[in-house]
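Asks:
Number of protein chains: 2
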Amino acid sequence: MARRSMKEEILGAGVDLFLERGFNAAGVKDITDRAGVPKGSFYNHFESKEALAAVALERYGDSRRLSDLANQEIPPVERIRRHFEFLRDELPDFARGCMFGNFSAEIVDHSEPLRLRVKGSFDQWSEMLADAIAEGQEAGEIRASLDPRPTAHYLTNAWEGTLLQARADKTGDAFAIFFTITFDALLT
Amino acid sequence: MARRSMKEEILGAGVDLFLERGFNAAGVKDITDRAGVPKGSFYNHFESKEALAAVALERYGDSRRLSDLANQEIPPVERIRRHFEFLRDELPDFARGCMFGNFSAEIVDHSEPLRLRVKGSFDQWSEMLADAIAEGQEAGEIRASLDPRPTAHYLTNAWEGTLLQARADKTGDAFAIFFTITFDALLT
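Residue numbers (our numbering), protein chains in the order written: chain A, 1 to 188; chain B, 1001 to 1188.
(1) Return no unless some Cβ of chain B is closer than 8 Å to the Cβ of Thr-156 of chain A.
(2) Write down the C-beta distance between Leu-114 of chain A and Glu-50 of chain A rounded to the nearest angstrom, noting that I regard them as a contact closer than 8 Å.
(3) Quick check on Gln-165 of chain A - is its C-beta less than 8 Å from some C-beta in chain B?
(4) Apart from the five residues on each side of it in sequence, which residues of its chain come closer than 6 Å, Cβ to Cβ, to Leu-187 of chain A?
(5) My guess is that Ser-1104 of chain B and Ala-168 of chain A are in contact by the Cβ rule of under 8 Å, so how many angstroms apart are they, rounded?
(6) Considering only their Cβ atoms, is the gap separating Gly-14 of chain A from Leu-69 of chain A smaller than 8 Å?
(7) When the Cα atoms are used, what is the spatial distance from Gly-136 of chain A to Pro-75 of chain A?
(8) Quick one, are the C-beta atoms of Ile-80 of chain A and Ala-139 of chain A less than 8 Å apart?
(9) Please tell me whether Lys-1189 of chain B has its Cβ less than 8 Å away from any Cβ of chain A.
(10) Closer than 7 Å by beta-carbon distance: list the chain A residues that pair up with Arg-1115 of chain B, in chain order.
(11) Listed from N- to C-terminal order along the chain, which residues in the stretch 1141–1153 of chain B have their beta-carbon within a distance smaller than 9 Å of any beta-carbon of chain A?
(12) Buried or exposed for Asn-44 of chain A, going by 16 or more other Cβ atoms inside 10 Å?
(13) Report the neighbours of Val-1108 of chain B on chain A: residues whose CB is nearer than 7 Å to its CB, in chain order.
(14) Can you give me the Cβ contacts of Lys-1007 of chain B inside the same chain, cut-off strictly under 6 Å, excluding the 5 residues immediately before and after it?
(15) If you measure from the beta carbon of Ile-1189 of chain B to each beta carbon in chain A, is any gap under 8 Å?
(16) Could you list which residues in chain A have their beta carbon closer than 7 Å to that of Ala-1053 of chain B, in chain order?
(17) So, with DSSP's three-state summary, where would you put Met-1001 of chain B?
(18) One question on the structure: do Leu-155 of chain A and Thr-182 of chain A come within less than 8 Å of each other, judged by their Cβ atoms?
(19) If you scan the stretch 1084–1172 of chain B from start to end, which runs of the beta strand (DSSP E) of 3 or more residues do you find wholly inside it?
(20) Skipping 5 residues on each side, what residues in its chain have a beta carbon closer than 7 Å to that of Val-1055 of chain B?
(21) Answer with buried or exposed for Gly-1161 of chain B, where buried requires no fewer than 16 other C-beta atoms within 10 angstroms of its C-beta.
(22) Using C-beta distances below 8 Å, list every residue in its chain close to Asn-1071 of chain B, excluding the 5 sequence neighbours before and after it, in chain order.
(23) Give a yes or no on whether 8 Å exceeds the smallest Cβ distance from Gly-97 of chain A to chain B.
(24) Please state whether DSSP places Glu-1020 of chain B in a helix, a strand or coil.
(25) Is the Cβ of Ser-1104 of chain B closer than 8 Å to any Cβ of chain A?
(26) Let me know if Lys-119 of chain A comes out buried or exposed under the rule of 16 or more other beta-carbons within 10 Å of its beta-carbon.
(27) Would DSSP call Thr-188 of chain A helix, strand or coil?
(28) Please state whether DSSP places Ile-74 of chain A in a helix, a strand or coil.
(29) Would you please verify whether the beta carbon of Ser-67 of chain A is less than 8 Å from any beta carbon of chain B?
(30) Quick check on Ile-1177 of chain B - is its C-beta less than 8 Å from some C-beta in chain A?
(31) Would a check of beta-carbon distances place Phe-122 of chain A closer than 8 Å to chain B?
(32) 8 Å is my cut-off, CB to CB: does Gly-1180 of chain B come that close to chain A?
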């Protein structure tokens, strides 16, 4: 198998370190060390850490499997549940956040291009989730009184806070609470 | 009026910068510059930035006015609403997070003493909120089927995510959604 290109190695290391440490604590040297490439090679591929972060955010967004939220073969509530289970199961050690959330906490106030990308990521996620909620209402699975779009935003916000809580707790309690309240009290 | 002590100036600047920039991007020199004191004076008062952060977290927690959640003179749901309105109204420019959330995103994986303090802050907040929810149930204002403790955790998590979203959006939309879903769909 061909070795991944140096650019790809740097991008992969950037995604990992932005998730583990956030934006500010992941230095260019940390990223090239993790990638196993010389520090100088970074700037052959990316103009700045901010430029890498923009591509890393896109890569991370693609890995969220948002299209699963539109999979008509699975009933809507089950589909929404599996989506959040997938996101939870990526985080077995409660030590990595969500890149959208990490960047919101650290960098959106200080980089307008990254802010717009983070906002776009949140919006895309909420849109897909809102569509699944609306389908669940049509199927009689979700309370008809809920407005799908704000409900979707609320759920993504509750999820982001759940990740923060799980990192502080180092237990799965916050995830268990997220699933119980979301599926037994809010949606149905 | 007597000038605040140097230690107090440093602490105040630390609280501000941890809220504005988070833990990692607020350097000791940034903090002493903001406080208007020489950098060297920092270590006369605090052993490290981590030690300052621990005190700043406590100071910030005190400023959350959690005791208002136990004010028996105000009906429970109104009390809970005013609590979150107070937290919202502190953030007119959508550019400062919550210190608990900022530290969860950035530092709890890397400092066990700070992790335990952040966890303690979240737990104390949720406890006070759970008590108010339970009172609301006794008063017939809040759905009896909700378990107060997990519901309180869910609300604080939704709030933390709401702050992240508001920072990415730079609008009050996420706050409006928080209030609508929390008070019109989840609690009542």
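C-beta atoms are modelled at their ideal positions from N, C-alpha and C, and glycine is treated no differently. The structure displayed is predicted, hence computed values, not measured ones.
Replies: So, from the data block:
(1) yes
(2) 6 Å
(3) yes
(4) Ile-142
(5) 5 Å
(6) no
(7) 8 Å
(8) no
(9) Outside the shown range of chain B, which is 1001 to 1188, sits residue 1189 of chain B, and nothing can be said about it.
(10) Ala-168
(11) Arg-1143, Ser-1145, Leu-1146, Asp-1147, Arg-1149, Pro-1150, Thr-1151 and His-1153
(12) exposed
(13) Arg-167 and Ala-168
(14) His-1045
(15) This structure does not reach residue 1189 of chain B, given that chain B is present from 1001 up to 1188, and the question cannot be answered.
(16) In chain order: nothing, as chain A lies at least about 14 Å away.
(17) Caution applies to Met-1001 of chain B, whose pLDDT of 47 falls short of 50 and renders its modelled position unreliable; the value that the coordinates give is listed next. Residue state, collapsed to three classes: coil.
(18) yes
(19) none
(20) Leu-1011
(21) buried
(22) Arg-1079
(23) yes
(24) helix
(25) yes
(26) buried
(27) coil
(28) coil
(29) no
(30) yes
(31) yes
(32) A quick correction: the sequence has Thr, not Gly, at residue 1180 of chain B. Output row for Thr-1180 of chain B: interface = yes.
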